[in-house]
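Here is the structure we will look at.
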Amino acid sequence: MLASGHEARHALTGAPQVDFPTDLDAFGPAKFTGAKPPKSKWKFTKTGEDWFCFAGLWRPMPDGGATRSRSFTTEPGPDVAPIQNRQIVVLERSDWLAWLDLTRAESELLRPLPASGLTVEQVR
Numbered sequence: 003m004l005a006s007g008h009e010a011r012h013a014l015t016g017a018p019q020v021d022f023p024t025d026l027d028a029f030g031p032a033k034f035t036g037a038k039p040p041k042s043k044w045k046f047t048k049t050g051e052d053w054f055c056f057a058g059l060w061r062p063m064p065d066g067g068a069t070r071s072r073s074f075t076t077e078p079g080p081d082v083a084p085i086q087n088r089q090i091v092v093l094e095r096s097d098w099l100a101w102l103d104l105t106r107a108e109s110e111l112l113r114p115l116p117a118s119g120l121t122v123e124q125v126r
């Protein structure tokens, strides 16, 4: 686990970058499982929330072209583990500003949600 936002930006490539924390909003990303079509489709929503944000970094390109972005993953929490072996880092609403301002260590933010933090629905 990385210790700070500054270290995170260096550790991703081994060289300094101009990266900015971002929270990427989501309404319910999907995951497909199974060996053959039609694969099972799973929808993840934040329990008790209409939408949620997950941890990411973005970097504007020097030529003014498209912005590059990446999102962080972590080990799966109890809601995701039965379906996949990684999950995107979903930020608690109370952590959004801390992520954007880098005012708390990543070890406090880049973690899976506790049990029942996500509602998992099989939609196919």
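For what it's worth, the numbering used here labels the leading residue of the sequence shown as 3, then goes sequentially. Virtual Cβ for every residue (Gly too), placed ideally from N, Cα, C.
| Check | Outcome |
| --- | --- |
| Three or more C-beta pairs below 8 Å linking the segment 59-71 and the segment 105-115 | no |
| Member of Thr75, Phe46, Gln89 and Cys55 whose CA lies at the smallest distance from the CA of Leu99 | Cys55 |
| CA-to-CA distance, Asp103 to Ala57, given in whole angstroms | 12 Å |
| Gly79 and Pro114 closer than 8 Å at C-beta | yes |
| Member of Lys48, Trp44 and Arg72 whose CA lies at the smallest distance from the CA of Ser118 | Lys48 |
| Where Gln124 falls, given that 16 or more other Cβ within 10 Å makes a residue buried | exposed |
| Residue from Arg72, Trp53, Asp52 and Thr76 with nearest C-alpha to Arg61 | Arg72 |
| Residues bridged to Ser73 (per DSSP) | Gly58 |
| Same chain, Cβ closer than 6 Å to Ile90, neighbours up to 5 away in sequence not counted | Phe56, Ser73 and Thr75 |
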